[in-house]
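One structure is given here, and the rest of the page talks about it.
There are 2 protein chains.
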Amino acid sequence: MPRRVRSDGEWSRKTIVDAAARIATVEGLEGLSIARVAEATGMSKSGVFGLFGSKQALQMAAIDEARRVFVDEVIRPALDAPAGVQRLAALCDGFLDYVRERVFPGGCFFASVAAEMGPRPGDLRDRIREEQKLWVGLLAENARAAKKADDLQKGVEPGQLALELSALLTGADIAFLLHEDPQIIEGVRNAIHTRLRRT
Amino acid sequence: MPRRVRSDGEWSRKTIVDAAARIATVEGLEGLSIARVAEATGMSKSGVFGLFGSKQALQMAAIDEARRVFVDEVIRPALDAPAGVQRLAALCDGFLDYVRERVFPGGCFFASVAAEMGPRPGDLRDRIREEQKLWVGLLAENARAAKKADDLQKGVEPGQLALELSALLTGADIAFLLHEDPQIIEGVRNAIHTRLRRT
DNA sequence: ATAGTCTACGCACGACCGTGCTATTTTGTC
DNA sequence: GACAAAATAGCACGGTCGTGCGTAGACTAT
Numbered sequence: 054m055p056r057r058v059r060s061d062g063e064w065s066r067k068t069i070v071d072a073a074a075r076i077a078t079v080e081g082l083e084g085l086s087i088a089r090v091a092e093a094t095g096m097s098k099s100g101v102f103g104l105f106g107s108k109q110a111l112q113m114a115a116i117d118e119a120r121r122v123f124v125d126e127v128i129r130p131a132l133d134a135p136a137g138v139q140r141l142a143a144l145c146d147g148f149l150d151y152v153r154e155r156v157f158p159g160g161c162f163f164a165s166v167a168a169e170m171g172p173r174p175g176d177l178r179d180r181i182r183e184e185q186k187l188w189v190g191l192l193a194e195n196a197r198a199a200k201k202a203d204d205l206q207k208g209v210e211p212g213q214l215a216l217e218l219s220a221l222l223t224g225a226d227i228a229f230l231l232h233e234d235p236q237i238i239e240g241v242r243n244a245i246h247t248r249l250r251r252t
Numbered sequence: 054m055p056r057r058v059r060s061d062g063e064w065s066r067k068t069i070v071d072a073a074a075r076i077a078t079v080e081g082l083e084g085l086s087i088a089r090v091a092e093a094t095g096m097s098k099s100g101v102f103g104l105f106g107s108k109q110a111l112q113m114a115a116i117d118e119a120r121r122v123f124v125d126e127v128i129r130p131a132l133d134a135p136a137g138v139q140r141l142a143a144l145c146d147g148f149l150d151y152v153r154e155r156v157f158p159g160g161c162f163f164a165s166v167a168a169e170m171g172p173r174p175g176d177l178r179d180r181i182r183e184e185q186k187l188w189v190g191l192l193a194e195n196a197r198a199a200k201k202a203d204d205l206q207k208g209v210e211p212g213q214l215a216l217e218l219s220a221l222l223t224g225a226d227i228a229f230l231l232h233e234d235p236q237i238i239e240g241v242r243n244a245i246h247t248r249l250r251r252t
């Protein structure tokens, strides 16, 4: 029984998942309702449900999509910069731009759902946790490269720096969304650049 | 079943609001349901509803209670330290302890709801916004005092420092809840202390 | 003692939710 | 062109939600 996937279905899936990721940053991953997604895509509730089989599957698919967007918008562009401090700066700048430009209406998808799912055990939280680990790992990796190249202030531990940057970025995202003030983004950008200067 | 009547309205209100604040840090301010609060307090749904009149009034009351707790647990103890760097450090340490000790099961109430309500306009967001302004203002005020006493590294702008600290603390809260790793708290504590040293 | 307010409950309504079940149409494969 | 499977819609179910309504006990003021 070849379980083949049809192209029209594939297009619908993409449309749905795109809307779902956007909605989730505003309504939350839990508040993401199938009816809401159906309305946003012009499909029927059953249509949306049938393509994913369960709400959790849709939520997981939304995370997949958000990850794709994050890689496209933040990570991939930063790979143009050489590993180390410069890439570190490019990653942080890319993140702040991606929040500021409202790639998702509710700011960073992962900051949003991390805050929501943090205290709620389950598969969704585990998934977000892994994604976050990859992100901090990427920062730490470049912090290590920067240290090896002696591009950091002395006494700065790479893992510590990665944690610090990640916390600053998450905090910037949340404060920016609450106050709708771009100066918050620019203030944190400034703080990060200062932190990444050697002197 | 004995119908407990007129036990004391004020006591009931307090019990309800206390439960509501705790629940909101886990389920979210929107996910906070009257039924859930009723179950947690052993009251009937109508009992809870009647005491507050609307869901939003209950949510506002939960914010009031959270503020009370925050002042008690974080701000008041820090007032023992002299204004300036020391109080700044005491405020940050107090915050990190309050998160780590799980005064609320879902970490910092205001970080939680700021992340949730950030992209959702309305009275609740406005309220959270004001509370957050007071907190950052308190940090800024002490940063100014610290600068005046020449207790900061030169070139550090008080407002900028306050924003930075606030972002770090929020980020620490969220990361800690997601990973359940106290080292995250201690790492950020360390970063903050380093930032507050003059040399 | 009586009236009136506050507390607390049971009940029911309409809205929305996730999810099955059953058609009908569309598509890709032989 | 036949046929199976996928895609999508319609509908109904049980559940939860916020909220009104009616009621009854308990405290307060007269």
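Residue numbers (my numbering), protein chains in the order written: chain A, 54 to 252; chain B, 54 to 252.
Backbone N, C-alpha and C fix where the C-beta goes; we use that ideal spot for every residue, glycine too.
Next on the checklist: Just to make sure I have the definition right: I need the residues of chain A whose C-beta is within less than 8 Å of the C-beta of B/Asn243. Which are they?
Outcome noted: By one-based count along the second sequence, residue 243 of chain B stands at place 190. Per Cβ cutoff of 8 Å: Gln213.
Checklist entry - DSSP three-state call for B/Gln206: helix, strand or coil? => result Along the second sequence, read from residue 1 onward, the residue named residue 206 of chain B stands at position 153. Of the three classes helix, strand and coil, the one that applies to B/Gln206 here is coil, per DSSP.
Checklist entry - Name the chain A residues whose beta carbon is nearer than 8 Å to that of B/Ala88? => result Within the second sequence, the letter at position 35 stands for residue 88 of chain B. The contacting residues do not exist; B/Ala88 stays about 16 Å from chain A at best.
Next on the checklist: Assuming the contact rule is C-beta atoms closer than 8 Å, B/Met113 and B/Arg180 should be a hit. Round their C-beta distance to whole Å, please.
Outcome noted: Walking along the second sequence from the start, residue 113 of chain B turns up at place 60. Walking along the second sequence from the start, residue 180 of chain B turns up at place 127. Yes, they are in contact, since the Cβ atoms of B/Met113 and B/Arg180 sit about 7 Å apart, within 8 Å.
Item to check | Buried versus exposed call for B/Pro135 [16 or more other C-beta atoms within 10 Å across all chains shown] | outcome: Locating residue 135 of chain B in the second sequence gives position 82, where the first residue counts as 1. Label assigned to B/Pro135: exposed.
Checklist entry - In chain B, what lies closer than 9 Å to A/His232 by C-beta? => result In the first sequence, counting from the first residue as 1, residue 232 of chain A sits at position 179. Correct list: Gly171, Arg182, Gln185 and Lys186.
Checklist entry - Near B/Gly62, which residues of its chain fall below 8 Å by C-beta distance, leaving aside the five closest residues on each side in sequence? => result By 1-based counting over the second sequence, the position of residue 62 of chain B is 9. The residues are Leu104.
Checklist entry - Could you check where the alpha helix (DSSP H) with B/Thr223 kicks off and where it finishes? => result Here residue 223 of chain B is taken as the residue at index 170 of the second sequence, counted from 1. Note, B/Thr223: alpha helix (DSSP H), Pro211 to His232.
Checklist entry - Buried or exposed: where does B/Leu144 fall if 16 or more other Cβ atoms within 10 Å of its Cβ makes it buried? => result Stepping through the second sequence from its first residue, residue 144 of chain B is reached at position 91. Per the 10 Å Cβ criterion, buried.
Next on the checklist: Distance cutoff 8 Å, beta carbons only. Does B/Val101 sit that close to anything in chain A?
Outcome noted: For this step, residue 101 of chain B is matched to residue 48 along the second sequence. False, the Cβ-Cβ gap to chain A never drops below 8 Å.
Checklist entry - Residues in its own chain within less than 6 Å of A/Leu8 by CB, not counting five upstream and five downstream? => result Residue 8 of chain A falls outside the range modelled here, since chain A spans only 54 to 252, and no answer is possible.
Item to check | Within the region 138-187 of chain A, ranges of the beta strand (DSSP E) (whole runs, at least 3 residues) | outcome: none
Checklist entry - Helix, strand or coil: how does DSSP classify B/Arg89 here? => result Taking the second sequence and counting its residues from 1, the one referred to as residue 89 of chain B is at position 36. It is helical.
Checklist entry - Cβ atoms of B/Gly224 and A/Gly224: under 8 Å apart, would you say? => result Counting from 1 along the first sequence, the entry for residue 224 of chain A is found at position 171. Counting from 1 along the second sequence, the entry for residue 224 of chain B is found at position 171. It is a contact, given that the beta carbons lie within the stated cut-off.
Checklist entry - If you draw a straight line from the C-alpha of B/Glu239 to the C-alpha of A/Trp64, how long is it? => result Taking the second sequence and counting its residues from 1, the one referred to as residue 239 of chain B is at position 186. Taking the first sequence and counting its residues from 1, the one referred to as residue 64 of chain A is at position 11. About 47 Å.
Next on the checklist: Considering just the uninterrupted stretch of the alpha helix (DSSP H) at A/Ser65, what are its terminal residues?
Outcome noted: As a first step, residue 65 of chain A is located in the first sequence; it is residue number 12 there, counting from the start. First-last of the alpha helix (DSSP H) with A/Ser65: Ser60 to Glu80.
Item to check | Rounded C-alpha distance that separates A/Gly159 from B/Arg121 | outcome: Reading the first sequence from its first residue, position 106 is the one you call residue 159 of chain A. Reading the second sequence from its first residue, position 68 is the one you call residue 121 of chain B. Answer to the nearest angstrom: the Cα atoms are 29 Å apart.
Item to check | Rounded separation between A/Val127 and B/Gly106 - CA only | outcome: For this step, residue 127 of chain A is matched to residue 74 along the first sequence. For this step, residue 106 of chain B is matched to residue 53 along the second sequence. Roughly 46 Å separates the two Cα atoms.
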